[in-house]
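Take a look at the structure below.
Protein chains: 6
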Amino acid sequence: MTTVERTISNQVNDVFEDIKQTRNTDYINNFWKDLSHDEKSLEETWSQVKKIMSDGKISYLYKEMIYVAVSIMNNCDYCIHTHTLAARKAGMTDEMYSEFMQVVLLANKTNAMATAMSCEVDERFDVSKRKEV
Amino acid sequence: MTTVERTISNQVNDVFEDIKQTRNTDYINNFWKDLSHDEKSLEETWSQVKKIMSDGKISYLYKEMIYVAVSIMNNCDYCIHTHTLAARKAGMTDEMYSEFMQVVLLANKTNAMATAMSCEVDERFDVSKRKEV
Amino acid sequence: MTTVERTISNQVNDVFEDIKQTRNTDYINNFWKDLSHDEKSLEETWSQVKKIMSDGKISYLYKEMIYVAVSIMNNCDYCIHTHTLAARKAGMTDEMYSEFMQVVLLANKTNAMATAMSCEVDERFDVSKRKEV
Amino acid sequence: MTTVERTISNQVNDVFEDIKQTRNTDYINNFWKDLSHDEKSLEETWSQVKKIMSDGKISYLYKEMIYVAVSIMNNCDYCIHTHTLAARKAGMTDEMYSEFMQVVLLANKTNAMATAMSCEVDERFDVSKRKEV
Amino acid sequence: MTTVERTISNQVNDVFEDIKQTRNTDYINNFWKDLSHDEKSLEETWSQVKKIMSDGKISYLYKEMIYVAVSIMNNCDYCIHTHTLAARKAGMTDEMYSEFMQVVLLANKTNAMATAMSCEVDERFDVSKRKEV
Amino acid sequence: MTTVERTISNQVNDVFEDIKQTRNTDYINNFWKDLSHDEKSLEETWSQVKKIMSDGKISYLYKEMIYVAVSIMNNCDYCIHTHTLAARKAGMTDEMYSEFMQVVLLANKTNAMATAMSCEVDERFDVSKRKEV
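Residue numbers (this note's numbering), protein chains in the order written: chain B, 1 to 133; chain E, 1001 to 1133; chain V, 2001 to 2133; chain P, 3001 to 3133; chain A, 4001 to 4133; chain S, 5001 to 5133.
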């Protein structure tokens, strides 16, 4: 559902301008356009993205990679596309992407194995159980 | 299904010894014990874990964090437990974990939003469509 | 896989006519057309939809909203599209949709948090455990 | 990971007191206790729950049911338990729960069917495609 | 939520007796006990299980294996446990289980890869697109 | 992301030739073309597919059906398309597909029911618990 906003409210316009300035671009992604139907949600979500994704104790690059990992598991084609690109722009090389995918696939594999075996958390790793002893 | 192997084959024993030496511990996790019923799968999976999770272009710490992100999305209690612990041992501080969870939750949120809105990949981000033009 | 049925069996035709009459429309959705390859499944599924989705102790409108919530979590683009439209036709306003999405996103967030923390069911909420005491 | 906070910061205490007062109880659920390790996240999440789940255009009862639907699809045992109870306290009868589960299972079924058949969104329901014509 | 039914209605009793006779056992699984709170759902679900899981064009053994595959992907611990046991009783050897898990893990891997690459269905495999040409 | 490889390395060419010969076709699927950007991953994945999917204790036909079951649960449109076709070519009739889908939908239904009811594994089916007694 790609919707081109024709008459944009001031509130939406402010967010769009902030997106353009922050990302140094003239282009507004479909996600933000689609979301502009709900001004409050647009504002809140952009404000979260801006704050949470910026460099912190974890660098922006690794945040984008964690973002892509979640998006792959949620099978969100839109987010995989845009955030894989974002990670590449932020410095993710082919070699890094290859290592990234290997970790994603390994975790996905061992998750399914542990689930299939009904693998129980080891007593020594289970904080609450240790406490009850 | 936690199974204590009583009579362990040589093949299983070799893997267990390698796990102990690599991880500098005397303890074998339930996952590996449960997997020891299928020697080939045990060997292959341990060999993958050892190789893929080691420092590379992406450091071991960030590999563990990507691993945990995937495990949360797969709802694998066992893997969340053990790999969150592993990430902490590798240097993930409370602040890093807090940022990590914020990124996971933000991606999970925008994934659901993009899905609910049937958000379409922007033409400019869609490599194959550009090609067909 | 959109399939236009050319020669339709009597059995399929009966279901199609019932859909048209029940929904007061001349249009048969792709879902039912695709399903018409398996007459028994078409009949059974339409009969379930007709019965389960009608007003009951829960009104049709809220049934459609629960339906959309499930479809978002299952990432089913087709069902999200058609049932969000159906909910709107049944009276879901922009404000209601906004509240609906906030609940979906909140549940999705706290689900991931509880999973990441391996949150245990409180003894007082766990019926079976209380019984064993 | 059920953790009983011994020394609680003032910030955490304030949230706990607000939870007790709002819900008219002396009991703090494991979810909030577990979350109290991250004060900011505790405050933000409780504030969201308090605001989003209160009666609005959608009543509290139906918000709880939508919440449970999402939690079932995410397989979050903790949230299913606590929010099914909450919905029952808010007036969900056995008959309503039975209808609720029928809708959840029907949506889950047709989602899998549409996915298995790669069912395409009907042109007439696809807003963006209509626009491009 | 394991509930031991004390006073069982005739309707529930009939289903329980049919389960015992069909499966040649005196034991009723927790799933059926838990479900007995909703007589109609109990009857309908047991009748589906009895009919769908019996030998047909696909043998009971392979039906159980397909059942387990779905249950692993849905992370349903209860169903994985009971139906892996059922498959073993129906003749699934260690070797077959090992091959089964390899296929499950391979599909799970290539699914994630195709999703991460946004892999498009080949024109020649896309029935509906061919038709439009 | 459908990428037509123009200049193909020898390593990629070898895999492509092996695919053509093994499958007796001149056509390389988009999946393998997209994967050819990462030679090592291409080689490894093709080698797994070739080995794991071949007739064994479980026939190729049933392996394809298990593959499709996993792909439906993962909502991977590409894999559902290609492997449903592959299963049909391997002998899956309309009747078998109908039975297959019934099992998938039944498992998917009872999974959601067991999850919604927080159904506990029966003591007699829980190997590890029996051991601790």
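Note that beta-carbon positions come from the ideal geometry of N, C-alpha and C, so glycine has one too.
Problem set entry | Alpha-carbon spacing of Ala5107/S relative to Ser1098/E, whole angstroms | 37 Å
Exercise. Enumerated in chain order, which unbroken segments of the alpha helix (DSSP H) with a length of 4 residues or greater are wholly contained in the segment 5048-5113 of chain S?
Worked result: 5060-5073, 5077-5089
Exercise. Under 8 Å Cβ-Cβ, which residues of chain B neighbour Ser2098/V?
Worked result: Asp38, Lys40, Ser41
Exercise. Is Asn1075/E close to chain P, meaning its C-beta is less than 8 Å from at least one C-beta of that chain?
Worked result: yes
Problem set entry | Span of the alpha helix (DSSP H) around Phe5125/S | It is not in any alpha helix (DSSP H) - Phe5125/S carries neither H nor E in the DSSP assignment.
For this session: Compare the C-alpha of Lys1057/E against each of Asp34/B, Ala86/B, Val103/B, Lys57/B and name the closest.
Result: Proximity to Lys1057/E across Asp34/B, Ala86/B, Val103/B, Lys57/B peaks at Val103/B, based on C-alpha coordinates.
For this session: Would you identify the three-state DSSP class for Ala4007/A, choosing helix, strand or coil?
Result: Rather than Ala, the amino acid found at residue 4007/A in this sequence is Thr. In this structure, Thr4007/A counts as coil in the three-state DSSP scheme.
Exercise. Which residues in the same chain have their Cβ closer than 7 Å to the Cβ of Glu2039/V, if we skip the five residues on either side of it in sequence?
Worked result: Ser2009, Gln2011, Val2012
For this session: Between the Cα of Tyr5078/S and those of His4083/A, Ala4116/A, Asp4014/A, spot the shortest distance and give me the residue it belongs to.
Result: Among His4083/A, Ala4116/A, Asp4014/A, the Cα nearest to that of Tyr5078/S is on Ala4116/A.
Exercise. Three or more beta-carbon pairs under 8 Å between the segment 1059-1072 of chain E and the segment 52-70 of chain B, yes or no?
Worked result: yes
Exercise. Just the Cα atoms here: how many angstroms apart are Lys89/B and Ser4118/A?
Worked result: Distance between the alpha carbons of Lys89/B and Ser4118/A is about 19 Å.
For this session: To the nearest angstrom, report how far apart Glu4120/A and Thr4110/A are at their CA atoms.
Result: Between the C-alpha atoms of Glu4120/A and Thr4110/A there is a straight-line separation of about 14 Å.
Problem set entry | Neighbourhood of Ile1052/E by C-beta, 8 Å cutoff - its chain only, sequence neighbours within 5 removed | Lys1063
Exercise. Which residue from Lys1050/E, His1037/E, Met1073/E puts its Cα closest to that of Lys1020/E?
Worked result: Lys1050/E
Exercise. How would you list, in chain order, the residues of chain E whose beta-carbon sits under 8 Å from the beta-carbon of Thr2118/V?
Worked result: Checking the displayed sequence, the identity of residue 2118/V turns out to be Ser instead of Thr. The contacting residues are Asp1077, Ile1080, His1081.
Exercise. Name the chain E residues that come within less than 8 Å of Ser71/B, Cβ to Cβ?
Worked result: Ala1107, Asn1111
Exercise. Could you give the distance in angstroms between the alpha-carbon of Met73/B and the alpha-carbon of Asn5075/S?
Worked result: 11 Å
For this session: Spell out whether any CB of chain A is found under 8 Å from the CB atom of Phe3125/P.
Result: no
For this session: Return the Cβ separation of Thr3082/P and Phe2125/V in integer angstroms, given the expectation that the two are a contact with Cβ distance under 8 Å.
Result: 6 Å
Problem set entry | Run of the alpha helix (DSSP H) containing Asp26/B, from where it starts to where it stops | No alpha helix (DSSP H) holds Asp26/B; DSSP gives it neither H nor E.
For this session: Quick one: residues in its chain with C-beta nearer than 6 Å to the C-beta of Phe1016/E, no 5 flanking neighbours on either side, listed in chain order?
Result: Ile1028
For this session: Output yes or no for whether 8 Å exceeds the beta carbon distance between Ala2114/V and Phe3031/P.
Result: yes
For this session: Indicate the three-state DSSP secondary structure (helix, strand or coil) for Ser118/B in the structure shown.
Result: coil
Problem set entry | Asp1034/E: first and last residue of the uninterrupted alpha helix (DSSP H) it sits in | Asp1034/E -> alpha helix (DSSP H) spans 1030-1035.
Problem set entry | Interface residues of chain A facing Met101/B [CB-CB closer than 8 Å] | Met4113, Ala4116
Exercise. Does DSSP put Asp3038/P in a helix, a strand or coil?
Worked result: coil
For this session: Between the Cα of Arg2023/V and those of Ala2086/V, Met2096/V, Asp2094/V, Ala2112/V, spot the shortest distance and give me the residue it belongs to.
Result: Ala2086/V
Exercise. Cα-Cα, which of Ser5054/S, Leu5061/S, Ala5112/S is closest to Met5092/S?
Worked result: Of Ser5054/S, Leu5061/S, Ala5112/S, the residue nearest in Cα terms is Leu5061/S.
Problem set entry | Minimum Cβ-Cβ distance from Val1104/E to chain V less than 8 Å | Cβ-Cβ to chain V under 8 Å: yes for Val1104/E.
Exercise. To which residues of the same chain is Thr4084/A closer than 6 Å at the C-beta, ignoring the five residues directly before and after it?
Worked result: Val4068
For this session: Report yes or no: is there a C-beta of chain B within less than 8 Å of the C-beta of Asn1024/E?
Result: For Asn1024/E, the answer is no, since every Cβ of chain B falls outside 8 Å of its Cβ.
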